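Visitor: Mind looking over this structure? Questions follow.
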Amino acid sequence: GNSVTQMEGPVTLSEEAFLTINCTYTATGYPSLFWYVQYPGEGLQLLLKATKADDKGSNKGFEATYRKETTSFHLEKGSVQVSDSAVYFCALKDFQKLVFGTGTRLLVSP
Amino acid sequence: GAGVSQSPRYKVAKRGQDVALRCDPISGHVSLFWYQQALGQGPEFLTYFQNEAQLDKSGLPSDRFFAERPEGSVSTLKIQRTQQEDSAVYLCASSFGDMRVTGELFFGEGSRLTVL
């Protein structure tokens, strides 16, 4: 079946460091891909998405590019802030539902 | 309300008890989903409603799990004869339209169930 694999966390960075969280997928065809974020004490919320190959999703300084050659959708940010500390989930759309990865915790220290 | 509301936020049950978890989706949202999130894991799909119709229940782990949405708005997830392995956070999410088109889900904060 369709699945998503994320790098294990936690990822620990200092403020203003460069962030990459790896995500690869296994799927039939080319599903839409998503990054969701869960801040402490809050529900998951959509961060960005890409619906077809070579699309780049971006939001709040985060970016991810849909790479069908490597079946990847890595999340990047050039300069992280303490407020970016959260759990990040990569997901793909499988018909009506989303299939999520296991999540990667990001900890950013001042 | 402005967002997806779930209750109770925390529930402790003794093994063998029945529990009911409630979800109030965003007003007007057609699609409603239940997910189960074990500690340190990602959300796992349980079931999906479009209005009052339950279109997919393939993720329900056993016949002890039952979900309903009788009037196409509020939904209840019921777990009968709870077991320790049912301990998890149960997430409800809603979407304005058909997920095949929109792809974005709005999540509640979840109901954390602990079975002793």
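Residue numbers (the working numbering), protein chains in the order written: chain Y, 12 to 121; chain Z, 328 to 443.
Glycine included, each C-beta is placed from N, C-alpha and C at the ideal position.
Given the structure is predicted, the values throughout are model-derived calculations rather than measurements.
If Z/S358 sits next to Z/S421, beta carbons under 8 angstroms apart, how far is it from one beta carbon to the other, in whole angstroms?
Guide: 6 angstroms
Visitor: Between which residues of its own chain and Z/D293 is the CB-CB distance below 8 angstroms, once the five residues before and five after are set aside?
Guide: Outside the shown range of chain Z (328 to 443) lies residue 293 of chain Z, about which nothing can therefore be said.
Visitor: Nearest chain Y C-beta to Z/F393 closer than 8 angstroms, yes or no?
Guide: For Z/F393, no Cβ of chain Y is located within less than 8 angstroms of the residue's own Cβ.
Visitor: List, in order along the chain, the chain Y residues whose C-beta lies closer than 9 angstroms to that of Z/E436?
Guide: G52, E53, G54
Visitor: Quick one: which residues of the segment 368–379 of chain Z get their C-beta closer than 7 angstroms to a C-beta of chain Y? List them in chain order.
Guide: Those would be Q368, G369, P370, F372, Y375, in chain order.
Visitor: Can you name, in chain order, every residue of its own chain whose Cβ lies under 6 angstroms from the Cβ of Z/C350, other than the five neighbours on each side?
Guide: Q333, S402, C419
Visitor: Return the Cβ separation of Y/L44 and Y/Y77 in integer angstroms, given the expectation that the two are a contact with Cβ distance under 8 angstroms.
Guide: 6 angstroms
Visitor: So, under 8 angstroms CB-CB, Y/G114 and Y/V15 are touching, yes? Tell me the CB distance rounded to an integer number of Å.
Guide: Rounded, the Cβ-Cβ distance is 10 angstroms, inconsistent with contact.
Visitor: Does any residue of chain Z have a CB that is nearer than 8 angstroms to the CB of Y/L57?
Guide: yes
Visitor: Taking the beta carbon of Z/V339 as the centre, do at least 16 other beta carbons fall within 10 Å, making it buried, or is it exposed?
Guide: exposed
Visitor: Could you tell me which of Z/L387, Z/Q368, Z/I353 sits nearest to Z/F423, measuring between CA atoms?
Guide: Z/I353
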